[in-house]
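S.K.: Protein chains in written order, with the numbering used here: chain A, 454 to 677; chain B, 210 to 570. Even glycine gets a Cβ: it sits at the ideal position worked out from N, Cα and C. Below are the structure tokens for one structure; questions will follow.
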């Protein structure tokens, strides 16, 4: 068992999930409530990683953040290291790649909150933030948690993007899925079995949790 | 300056339908104004604009001289700072909070103790004091309405806005709660605007009525005056009941009640729940006219009187009478001609007891 890869995978998934909560929540809130015409466009962009082969995303990231591209130079100035084959670059790519898996459940959960409850809160004097914390969040947290867990699991299992952007640097970018690939390539089937079984069990546990969370305890009250 | 709510708001919907509600409502000579009109006439749209909940509403709104909206200057007070209480049609209680949490929601400026005291006070007034630990899902429709009203009243709003407050209830509960809601609104000391499409509700709840038809407010006035004297045919059609007489209960028995309007006595079927005061509503087409010295008939109410005015409306004639109380009858033109119904003519108005609809106040 490649413990270093396990640690790296868990760390990457945790940080990716945290970043998605931070960035994805406001984005999902905008998607759920905006009446702008741009919404359709933004939704399509967010959903792209679902249909694109991960290699396409990885390829464009490598091009865009290459050492000679302006974005790549900016990255190097900010992060202190080059984008390709670094953990930072891998994290950035993972956030993009798992974006739909977090933002879509987030948006669905937020959109499921009765807009009249939000209006009721505002008429009663509550600010937008207070309304979000006191009304939206308590009513949508199952969906938000489900999105976070899904993003975590999806990051744990990514392969193509990691290989393209991160390569296979032990301790820095070699995640569990890459490690499994190495083990199979090296005909070390016993280790491969362990890694594969671990990923299978982890994913199954996570999905069970997601579906359990989606059974909302606050049923809509029946109409009188 | 007498406190008043004045507004002139316009809202254009995708597809071109436009609502333009304009009125000046005095707030000191009677607490409840009913915004009345058929479904789709724009009442709820106007109410949402007053609360600041519709960002697409254009125009001006001011309460007691304080501007809330002036879209020509891109000025709008957000709903948080208008200090209105809003009662949503299906109450929109927070399902994850207890009754106490709901009622106290708008009191976050207060300390814990002060808030609990205010919640207990308002809850006591609306008789929900024993429900404070329950969740909305565990309440009946009537209890939900009272909780929603308590939640709206707790932060001491300057204006209450109620959107069809009784429509989410089943019919028997609605009958029961109408008079109770009126008392609660009276007792709250907060001026209220109530949207309804129900004539009986308008009569039972309102001091003043603003009739809204096809996106425009067509007539504003004391409820009884508007019902008795619609300004035009469209309003008359919408308010429907031409004869609205304030009456006092004089006696009851055998499932019938006798009520007195001035010197005139009327017999009606006992609707139950009637105490001292009520409105007797009689549709003009239910008033039958006959020669002054007519023969006996099955109608319980025989009111001798004089024709004071008549107006022709196509095949029908609207006849105004003075029978000790003003009364309007709608008859066909041939019968009006045959009886010579002109001002001064003496006739007897007949109204069957079931045609006299009593609405408690």
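Measure the beta-carbon distance from residue 485(B) to residue 474(B) and round it to whole angstroms, keeping in mind my assumption that it falls under 8 Å.
M.R.: That belief does not hold up - the Cβ atoms of residue 485(B) and residue 474(B) are roughly 16 Å apart, past 8 Å.
S.K.: Assuming residue 242(B) and residue 402(B) are in contact, meaning their beta carbons sit under 8 Å apart, how far apart are those beta carbons, in whole angstroms?
M.R.: Yes, they are in contact, since the Cβ atoms of residue 242(B) and residue 402(B) sit about 5 Å apart, within 8 Å.
S.K.: Rounded to a whole number of angstroms, what is the C-alpha to C-alpha distance between residue 363(B) and residue 585(A)?
M.R.: One C-alpha to the other measures close to 21 Å.
S.K.: For residue 460(B), would you say it is in contact with chain A, using Cβ-to-Cβ distances shorter than 8 Å as the test?
M.R.: No, residue 460(B) does not count as interfacial toward chain A.
S.K.: Can you list, in chain order, the residues of its chain with a C-beta nearer than 6 Å to that of residue 222(B)? Leave out the 5 residues immediately preceding and following it.
M.R.: Hits under 6 Å: none found.
S.K.: Quick check on residue 527(A): buried or exposed, where buried means 16 or more other Cβ atoms within 10 Å of its Cβ?
M.R.: Answer is exposed; the Cβ neighbour count stays below 16.
S.K.: Return helix, strand or coil for residue 213(B), following the three-state DSSP convention.
M.R.: In this structure, residue 213(B) counts as strand in the three-state DSSP scheme.
S.K.: Within a Cβ cutoff of 6 Å, which residues of the same chain sit near residue 466(A), ignoring the five residues on either side of it in sequence?
M.R.: Closer than 6 Å at the Cβ level, and outside the excluded window around residue 466(A), lie 605, 608 and 609.
S.K.: Touch check for the stretch 587-600 of chain A and the stretch 616-625 of chain A: three-plus C-beta pairs under 8 Å?
M.R.: Contact fails: fewer than three Cβ-Cβ distances are below 8 Å.
S.K.: Should residue 477(A) be labelled buried (16 or more other beta-carbon atoms within 10 Å of its own) or exposed?
M.R.: Under this definition residue 477(A) is a buried residue.
S.K.: Tell me, to the nearest whole angstrom, how far the beta carbon of residue 473(A) is from that of residue 551(A); I am working on the premise that it is less than 8 Å.
M.R.: Right, the Cβ-Cβ distance comes to about 6 Å (below 8 Å), so this counts as a contact.
S.K.: Here's the rule: buried if 16 or more other CB atoms are within 10 angstroms of the residue's CB, otherwise exposed. What is residue 548(A)?
M.R.: The residue is buried, with at least 16 neighbouring Cβ atoms inside 10 Å.
S.K.: By Cβ distance, which residues of its chain are closer than 6 Å to residue 342(B), with the 5 residues on each side in sequence left out?
M.R.: Here the set comprises 307.
S.K.: Give me, in chain order, the residues of the same chain whose beta-carbon lies closer than 7 Å to that of residue 540(A); leave out the 5 immediate sequence neighbours on both sides.
M.R.: Only 625 and 626 meet the Cβ criterion.
S.K.: Let me know the secondary structure DSSP gives residue 265(B) once reduced to three states.
M.R.: In this structure, residue 265(B) counts as coil in the three-state DSSP scheme.
S.K.: Hey, residue 570(A) and residue 301(B): beta-carbon distance below 8 Å or not?
M.R.: In contact: residue 570(A) and residue 301(B) (Cβ atoms closer than 8 Å).
S.K.: For residue 364(B), which residues in chain A fall below 9 Å Cβ to Cβ?
M.R.: By Cβ distance, chain A contributes 577 and 578.
S.K.: Helix, strand or coil for residue 621(A)? Go by DSSP, reduced to three states.
M.R.: Residue state, collapsed to three classes: coil.
S.K.: What residues in the stretch 244-268 of chain B bring their beta carbon closer than 7 Å to a beta carbon of chain A?
M.R.: Of all residues in the stretch 244-268 of chain B, 260 and 262 have a Cβ within less than 7 Å of some Cβ in chain A.
S.K.: Could you check if residue 513(A) is buried or exposed, using at least 16 other CB atoms within 10 Å of its CB as the buried criterion?
M.R.: Label assigned to residue 513(A): exposed.
S.K.: State yes or no: is the C-beta of residue 560(B) within less than 8 Å of the C-beta of residue 508(B)?
M.R.: Yes, the Cβ-Cβ distance between residue 560(B) and residue 508(B) is below 8 Å.
S.K.: Return the first residue and the last residue of the alpha helix (DSSP H) that residue 661(A) is part of.
M.R.: Here the alpha helix (DSSP H) through residue 661(A) covers 642-666.
S.K.: With distance defined between alpha-carbon atoms, name the residue in 537(B), 260(B), 499(B) and 500(B) nearest to residue 517(B).
M.R.: Minimum Cα distance to residue 517(B) is reached at 537(B).
S.K.: Check whether chain B comes within 8 Å of residue 496(A), counting only Cβ atoms and requiring the distance to be less than that.
M.R.: No, its Cβ sits nowhere closer than 8 Å to a Cβ of chain B.
S.K.: Just to check my reading of the structure: residue 492(B) and residue 523(B) have Cβ atoms closer than 8 Å, yes? What is that Cβ distance to the nearest angstrom?
M.R.: Rounded, the Cβ-Cβ distance is 18 Å, inconsistent with contact.
S.K.: Just the Cα atoms here: how many angstroms apart are residue 439(B) and residue 451(B)?
M.R.: Using only the alpha carbons, I get a separation of about 8 Å.
S.K.: When DSSP builds the beta bridges, which residues end up paired with residue 520(B)?
M.R.: In DSSP, residue 520(B) forms a bridge with 527(B).
S.K.: The ligand SAH heavy atoms versus the CB of residue 510(B): any closer than 7 Å?
M.R.: As far as ligands go, the structure on display features none, and thus does not contain the ligand SAH.
S.K.: Roughly how many whole angstroms lie between the Cα atoms of residue 529(A) and residue 660(A)?
M.R.: Their backbone Cα atoms lie some 37 Å apart in a straight line.
S.K.: Closest to residue 470(A) by C-alpha separation, out of 639(A), 620(A) and 544(A), would be which residue?
M.R.: Minimum Cα distance to residue 470(A) is reached at 544(A).
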